[in-house]
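One structure below.
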Ligand code: MG
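In the working numbering, the protein residues as written are 90 to 306.
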């Protein structure tokens, strides 16, 4: 399965899905981790992306599916060794998504020093809303968003609280991978992560992007 995004008449297939962990201090504290000295990076397969409106099925293994609402940026052009100051033109759009996590599985993997894929990269682990074109006029360091479940607010985030701002993340990743058009970056979640169970309806929204929802089954 491939997922494409449209912006201003331009359609682009998703290429890779980078994810940043531990990027908001309050969330780092709620999971009782040490503050990171540099971004924590992991990846999900492109096939894990789920457009808004589709039903997300809880994996048959694991007991604690949790929502992590995140701002997501879309890389629009190829680049490497980009400085944070240069990063703006490489960003084509911003969206909201959910970095779905099987927390119990992740905790077990962490305790054994094993990779996180079983807890982070499972089928349908990356619900994503529509992208808002980025032309430099949106303040990427003051982008507020909300996650609610069944109408109750669970997470209120603002990118101003990031430990590593979006343009710093683009720079960091570009020094390790050649960024390509269609690369997505899930930029980390604020505090308030919590459970999702069958029957729930998860919504992410912001003034700029509008609201996007997924049913959990
Ligand atoms: Mg996350």
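All C-beta atoms, glycine included, are put in the ideal place defined by N, C-alpha and C.
Extent of the continuous beta strand (DSSP E) to which residue i belongs
i           : result
residue 104 : No beta strand (DSSP E) contains residue 104, which DSSP labels as neither H nor E.
residue 196 : Looking at the DSSP string, residue 196 is not in any beta strand (DSSP E); the run it does join, the alpha helix (DSSP H), is 192-200.
residue 156 : 154-156
residue 133 : 129-133
Opposing strand residues paired with residue i [DSSP bridges]
i           : result
residue 162 : 183, 274
residue 221 : 183
residue 247 : 233
residue 304 : 144, 290
residue 139 : 216
residue 124 : Looking at the DSSP assignment, residue 124 forms no beta bridge with any residue, so it has no partner.
residue 109 : 130
residue 268 : 168
residue 299 : 295
Residue i classed as buried or exposed, judged by whether at least 16 other C-beta atoms fall within 10 angstroms
i           : result
residue 273 : buried
residue 262 : buried
residue 286 : exposed
residue 190 : buried
residue 188 : buried
residue 266 : exposed
residue 200 : exposed
residue 271 : buried
residue 124 : exposed
residue 167 : exposed
residue 112 : buried
residue 122 : exposed
residue 225 : exposed
residue 154 : buried
residue 106 : buried
residue 150 : exposed
residue 243 : buried
residue 159 : buried
Where residue i sits in the DSSP three-state scheme
i           : result
residue 260 : helix
residue 292 : strand
residue 92  : coil
residue 207 : helix
residue 177 : helix
residue 282 : coil
Extent of the continuous alpha helix (DSSP H) to which residue i belongs
i           : result
residue 119 : 114-119
Around ligand 1, Cβ to any heavy atom closer than 5 Å, ordered along the chain = 157, 188, 278
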